[in-house]
Structures are given as C-alpha cells and as structure tokens.
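These notes concern the structure reproduced below.
There are 2 protein chains.
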Amino acid sequence: MVMPAPALAGPGGAAPGSVGDVRRSNLALVLGAIAEFPPGTHPSRAQVAGATGLTKASVSSLVLDLLDAGIIREIGLNPQGRGRPGVGLELSPSRAVMGMEINVDYISAAVVDLAGTVLLRELQERDNRNSQDMPVLAALAVLAARVRSTAGEQGVEILGGGLAVPGLVDPAGARVLTAPNLGWVNVYLDLDALLPEAALGVELFNEANAAALAELRHRPDGASNFLFVSGEVGVGGGIVIGSELFTGPGGHAGEVGHIVVDPDGGHCSCGGTGCLETVAGQDAIFSAAGLAPEGGSRSATMSALLRALESGVPKAVSAVERAGYCLGMALASTARVVDIDSVVLGGHFAVLEPWLRAPLLNSLHKYAPGKYASEHVTVSAVGEFGALLGAAGSVIRSLVEAPHRLHA
Amino acid sequence: MVMPAPALAGPGGAAPGSVGDVRRSNLALVLGAIAEFPPGTHPSRAQVAGATGLTKASVSSLVLDLLDAGIIREIGLNPQGRGRPGVGLELSPSRAVMGMEINVDYISAAVVDLAGTVLLRELQERDNRNSQDMPVLAALAVLAARVRSTAGEQGVEILGGGLAVPGLVDPAGARVLTAPNLGWVNVYLDLDALLPEAALGVELFNEANAAALAELRHRPDGASNFLFVSGEVGVGGGIVIGSELFTGPGGHAGEVGHIVVDPDGGHCSCGGTGCLETVAGQDAIFSAAGLAPEGGSRSATMSALLRALESGVPKAVSAVERAGYCLGMALASTARVVDIDSVVLGGHFAVLEPWLRAPLLNSLHKYAPGKYASEHVTVSAVGEFGALLGAAGSVIRSLVEAPHRLHA
DNA sequence: CTCATATAGTTCAGGCAATGAACTAAAGCT
DNA sequence: AGCTTTAGTTCATTGCCTGAACTATATGAG
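Protein chains in written order, with this note's numbering: chain A, 1 to 408; chain B, 1001 to 1408.
Here is the structure:
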C-alpha cells in the first residue's frame, strides 16, 4: 500500500513550514521506528534507515541528537551474519513517565518507562465519593512524590505524567468539566503541582479514553480501530481510529453510555432519557438484579452478583442479559456513525462477559448484521490498570512524536 | 490562539520528510491563503505573506510556481493607500473542475471554477432504478463531454472531476459497494472514461458525504463541525469535523440512517431492525401517511404529502412528526458518539422542516439535553445540487491542498 | 514640480537538512 | 591472509527558507 504524501501543515493551520520542521518530523520518525521495533530486539542505525526510508547518513545524524537528548541509548552489538555488526538502539530505560489515576475508591500512581513497561506502581485506597478536589489532589501529589523518589533512587528520571479521571475533561484547560461520581463540576486542577519541574508537565485524560489507548498498545491482535467500552458506575467509551484516539470536535466523543437504547426508558444522570447507562451501568444492573448497592461496598455487591449469576438466579441473569442486549444496540448504532466493527469490553463488562456475550452478539446481529464479527468482540487485555497505563502511554507517545521538545 | 506545531508525517505513515516537502506544503499554504480570501478581493503577495507567516521572498517564489502552473493569475492593481500598489492574485478563472451526479431519477454534470462558482450545469432526467451501471455511465460520459466542450469554447479547462453516487463507495478502488436504489452491488466504475485525459482524474463520492462538504463551503454561519442528514429514499449522512469530512476507518462513517431508533421496529433494507430509515425514509413516511409511493413519481407523491400537511391531514402530520421525533433520537445518539452539536437538514428533511422541527427539537431536548441549541438545527443552504457541488468542491480542495500535482 | 515616505516586490548571501557517493570499520567466509 | 559483506561516517551537492539590502511605484507635503 502506498503511503499518503506527507503534509506539513493542515489546511486550517496557518503555520509556515521551514526546513527545521523536516528535522523535527524525521526525528520523530526515527524515534518512532526504534520504539516500534519488537521488544527485545534492538535495531541498528541501518535497520532504522531501512524502516524509515531515510538514508544511513541522515539516520546517523538524527540518532546522535536522540542520544544527546538521552531519549535513546546504544546497547550491545547486533551481528547480522556477515559484515560489521550493528550497534543496537533502544529507548532509554532511565527515562520514564508517571501514570496517575483518581478514581472513586482509590488514587494510584505508576512509573512507566519509555518502552511501556511498568517499573513501579502504588495504589492507595481512598473514598473519593463527593470529595473536594483539593485534598484528593494533595494526597495524589504525596503519592506521586514518593513513587518518583523511589524511581529516582533507581536512577530513573520522570519526564512527565498523565492523569486519568472518571469524567469529562478539558485537557487544554486542565479542567474536569464534570465527574458525577466524584461530585466534581468544572474544577481546575493544578497539574504541575503533581510533578514539580518535570520536563513535559502533566496531561489530563478521561479515564475511558486513557484505557482505550492502553488497549491499543497491549492488544494481542494489534487492532488499530476499535471501540473500548468501559462499564463502571457509569458507562464510558473511547474510540480508537487508525491508532489514534478519536475525540471529536469538543473532545468528548465516544460517550456511548448515553446512546439512547430505550426510548421509553428512565431518566439518566446526564439529563437524558433511556441512555445505555440506565440499563448497563453498575447501579442499574445491581438494582435490576435485586441487589442493594447501598449495603456494603461496590466491589462486594459485584461479588454478590457474580455468585448469583453462577448459581443461575433468574433475576440476576436477566439483568445482565438485558444489559448485554442493550449494549449491542448501542454498539450497532455506533458502528453506523463511526464505521467501526470491533469492540473491547472493559470494566464490569469484562467481568460479566461470560453472561453478556450471547445476548450482546444476538443484538449486534439483529441491529447491525455483518458489522461485528464474533471474534471482534473481545475482552480488555489490560484490566483495571488500563487508565493508568493509557495516561502514561499517551504521554510517552506524544514525546515519541515530538522528541524535539526534550532540549536536543 | 497558538497554532499546533506542524507535523510532516503521521505516526503511522513511514514517509521520510525531505526538504522538498517543505515547498509542497508551503505551496499549498500560499494557494490556500489566496483561495480563502473574501471573494472579490484579490490579495497581493505581501498580504499573502502576512496571512501565511512566510517571508515576502518565499511567497514571491511560491507564487511564481503557481502562476507557471496556471492555477492562479495576476489581476489588476491593488492600491494600499500610500506606497506601491500590490498586484492582485486570484484563482485562475479558466481552470475548473466537473461535478457529476448519478441519482435515482437523473444524471447531471456541472462545471465549477476553482473559486467554487458554478459556470455551467446540465441535468438529464433518466430513470436509473435498478439500472445497469454501464449504460448509465455511458450516458453520463456523453453529458460530461458535451458540458466539457461548451466550457472549452469559453476557454475553460477541466482539470478533474468528482462523481457523487447514492450508495456506499470505495473511492480508492472506484467501486460502488452498494447502492440499493440503483440496484448496484459492488460495481466498478471506469471513472477516467468520464473525463478522458483530465489532469487530476475523477474521484468517487457518496452523495450525502459530498453534500455535507458542499454545506461546509456554503454555510452562512461558517460552521466547521456539523452533521448533515439527507432524507432521500434512504437516509444518508455526512459528518464534518474541523472542516474535514469524517469518514471513519472504512470510509463509511455517518450512516445515521441505520441508527436504531425503534428496537421493536421493522426490518430495514440493510438487514438491521428498527433503523431510522424505516421511520424517516421517504417510503416509510409516505406509507405511514397513507400515500401510495407506487402510483406516480416520487416527486408527485412528495407534493401530495405537502398538500396533505398543509391541510392538516392527521395521518400525514403524525407520520412526519414521528419521523422528526425519531430523527431526534438518532441525532442525540450521534451527538454522544462523535461529540457534535449542530445539524443541517437536507433532502426531504429540508422540505418537511416546518413540520419536522418541533418534534425534532422535543426529541433532542429529551434525549440529549444541552447538546443541540435550536439555532444549531438548520436547513441545507445548497439544496438539491449539494452532491454535485460537494463532489466538485472536494476535488478543488484536494487540488488546493496539493498544488504540486499540477506539473509546477 | 520635487522630494520624502511608505509599501510592494526582487535579489542575494547564509544557514540548515537531506542526499548520494566515497570511505572507514568490523565482522564472517574461504 | 585475503575477499566479501554489512555498518556507520564524512563530505560535496542540492534545495528551500530567511533576513537584509535593494529596486519599483505609489501618495502627499512643501
């Protein structure tokens, strides 16, 4: 397949292109090629040249810049059979990024190296329901500082961070627009306080979006177009198209939890009616299954639901079946709107998949025949740490795509 | 606002950037600046330099290339008050593109100059229902040749063309995958036969997508994010985000006609169940209104429907109200998936808007409160020639974005 | 009428980045 | 030991943008 001709500036972007942009672009190209080599194998400059289409001379020069910036390092030799062996190149293991998460029941921070490996992870239980933002952020800052200093003792430098939050966010403005389960509305987060003096600062992400990005990286099938649906208290989603997160014009695309699946249904927290969330959200499933969400923690209730399903309690089974069926309707509509035909189930959808799967497939077959093959309905590969990994991964990726931001 | 840093090659695209790409990119930047100047005003090189951020020297050189390629021309002088007057630049009026359309009841061809003005238009009635593709294409080729020669007599050269078809298309493969109302399934179209030896060849478009692009250009409010829904025999749609058509990974995004609005509804031609099209497509509305679509032409039936609405025939009114209400549900879901909050109604939705509007707004308010303001629900500005204009406009735009394709 | 001023557009030296060819380096094979 | 093969570097060349100097052409003041 022929690659599209590169375009320097978009049609709207009135940025003039100069020769320096070429270097920035090629720097990213080279770094990307090194990053995308199968883990364990360390490409030589010559291999990078082959992969990128650049000449050996250019690659040598670009690699030098990346070495100077400390983003990559040389490691060992790489015999190719005959001839002079190449010098292996890899992403520097002493540079890393911090993934952070604020969720309803906990806060968490992890150090992820540039290759995507989790070096350290700490989780701190904390009831953030209807919490104030300041204390939560302060607690997270303490946690982050501790993890950071542990990493520092191992010679790992933190370049930047990503924070995932369960709610609608405005990344540019560092604002959480609304996070119903935290009780936050339009709060500004002082992100830089989380990682003082980190070279790249801290970026903000929606939880489901971040998790979708983590899936992208860790999918065994290597799919680059899919919808990630995350069942939590609410139902979130992230759309990945062409290995990119599709955020829509306002940055809030993929909110599949609020697709209408029951025109005559009940009210939703979003103000709408008959949203998927009112059928397939945790509270909805619990109450339809006859389990009280109030008595005890949410995870305890989930365990109770699983026990009920295993022993075949009719009310529980039909609650989950209804959720699966309605999820299918929402996915059918989504397929039509964004032309996607593969789904990854996360959150409680992953846990409930054995019971959800059949009604989900039925429903997909009924409402969008031919769109989703059964093997394209899969379960999350990253599990509950998806948001954390995705937030970190996204920051790493933006670094790989614009390495010139690191002094070079 | 700070413009995003230009990126030469995408993350996936393994195309190396060389210095020549800078020129290509800047060529497009300059041409785009000239094209986007308010019609009637002809910018000077100095003004272009100001608008693009390039130096006067670079602009002079780039403009020279564009003049040589015949894409622009110098026109008159442009006094700026004091000082030497600038030389006006404009898109060449003697270069044009042909927009073509194959629809159920007609074929059509128009010549559109680079500024987007329609110079010539011919429409030929023709019943293409369940037609063979070859004769239709042959008839269109004859029509196109005639229009082209008329244009040639006026000194206008046709650089390329765009063909809009009511069905799913594969533009790269020049294939119509399925066009239910033409009865076409996976037919290859010999597009180049339509405009032999045109410099840029002929591109293929989905009708609703092309119409969406035409809206983009002709919208009085200048909106750059909206959903265009076109009511025809089927219900088509085109999503415009950031002034770009959003096509999705497979190129078939925006098929809002097959969003599920009635889970217990009837079968749809797509194989699904309860699709919007089964409620708001022309045949569905006609039959719910008690009008026979068989007796007489479709436009006659539409006239009958309008008369019935004007005299308040209850069945007709409620059929259209139901269509509007269900359209609202589909738009509500679409808003959630792609984060769009503005709609343009085309096709019969535009004609029926006086009766559709109230139920549509009610439904939007109920299912997606706060998403669509009333003033963001508007009627098509281009009318029935949208597909034609959009197909041509898209070809023009791709030329403006890659002018180096013309010998230069 | 002439000269100062302001703006448009061109010319030219300088710098930067990629290229391709020539060259050096370091292995395996015979 | 010598040939071959592959990795990586050096260097002259080319292309493009930039900024400064320069030419061209208008208005307006004296």
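Ideal Cβ positions, reconstructed from N, Cα and C, are used throughout, including at glycine.
Between the C-alpha atoms of A/G40 and A/L123 there is a straight-line separation of about 29 Å. Only those residues of the stretch 1320–1336 of chain B whose C-beta falls short of 7 Å from the nearest C-beta of chain A are listed: M1329, A1332, S1333, T1334 and R1336.
Just so you know, the alpha carbons of A/F37 and B/V1156 end up roughly 52 Å apart. One thing to note: A/G251 has its Cβ no nearer than 8 Å to the Cβ of B/V1338. Here A/Y367 is near A/A332, since their CB atoms are less than 8 Å apart. DSSP, reduced to helix, strand and coil, places A/S342 outside both helices and strands of the structure shown, so it counts as coil. DSSP places A/N78 in the uninterrupted beta strand (DSSP E) bounded by I72 to N78. Assignment of B/V1104 by DSSP, reduced to helix, strand and coil, places it in the coil class. For B/G1152, there are no neighbours in chain A by C-beta distance under 7 Å, as the nearest C-beta there is about 30 Å away.
The Cβ neighbour count for A/L163, taken over all protein chains shown within 10 Å, is at least 16; the residue is labelled buried.
Under DSSP, A/Y188 takes part in a beta bridge, and its partners are A/R175.
By DSSP's assignment, B/V1169 forms a beta bridge with B/V1176. For B/I1396, the closest C-alpha among the options B/E1232, B/G1281, B/A1210 and B/N1362 is that of B/A1210.
DSSP assignment within the stretch 1239–1287 of chain B yields the following whole beta strand (DSSP E) runs of 3 residues or more, N-terminal first: 1244–1246. Taken through DSSP and simplified to helix, strand or coil, B/S1044 comes out as coil. Taking a 10 Å sphere around the C-beta of B/K1371, we find 16 or more other C-beta atoms and assign the residue as buried. For the options B/G1238, B/H1404, B/E1215 and B/L1189, the alpha carbon positioned closest to that of B/A1172 is the one of B/L1189. Distances from the CA of A/A28 to each of B/P1016, B/G1272 and B/D1021 were compared; the closest alpha carbon is that of B/P1016. The beta carbons of A/R336 and B/I1259 sit about 6 Å from each other, so the pair counts as a contact at 8 Å. Contacts between A/A368 and chain B, judged by CB atoms closer than 9 Å, involve H1258, V1260, C1270, G1271 and G1272 in chain order. Between the stretch 1186–1200 of chain B and the stretch 1270–1286 of chain B, the count of C-beta pairs closer than 8 Å stays below three; the two stretches do not touch. Under the Cβ criterion of 8 Å, B/E1232 is not counted among the residues facing chain A. Per the coordinates, the alpha-carbon of A/V169 lies some 7 Å from the alpha-carbon of A/L204. Within the same chain, Y1106 come within 6 Å of B/E1125 by CB-CB distance, once the 5 residues on both sides are set aside.
When DSSP reads this structure, A/S230 sits in a beta bridge with A/G236 and A/G346.
Counting along the chain, A/E153 sits inside the alpha helix (DSSP H) bounded by residues D133 to E153. The Cβ neighbour count for B/A1292, taken over all protein chains shown within 10 Å, is under 16; the residue is labelled exposed. The beta carbon of B/H1376 sits no closer than 8 Å to any beta carbon of chain A.
Shown here, B/T1117 sits in coil according to DSSP, grouped into three states, outside any helix or strand.
Under a criterion of Cβ atoms nearer than 7 Å, the residues of chain A adjacent to B/N1225 are, in order, P249. Comparing alpha carbon positions, the residue from B/G1238, B/R1023 and B/D1221 closest to B/H1376 is B/D1221. The stretch 1358–1365 of chain B makes contact with the stretch 1308–1328 of chain B, as at least three CB pairs between them are under 8 Å. With contacts defined by Cβ atoms closer than 8 Å, B/P1135 and B/E1232 do not form a contacting pair.
Between the C-alpha atoms of A/E153 and A/R146 there is a straight-line separation of about 11 Å. By the criterion of a C-beta distance shorter than 6 Å, A/V379 is surrounded in its chain by L345, A350 and E353, once the five residues flanking it on both sides are discounted. Residues of chain A with a Cβ closer than 9 Å to the Cβ of B/E1255 are, in chain order, A335, R336, V337 and D339.
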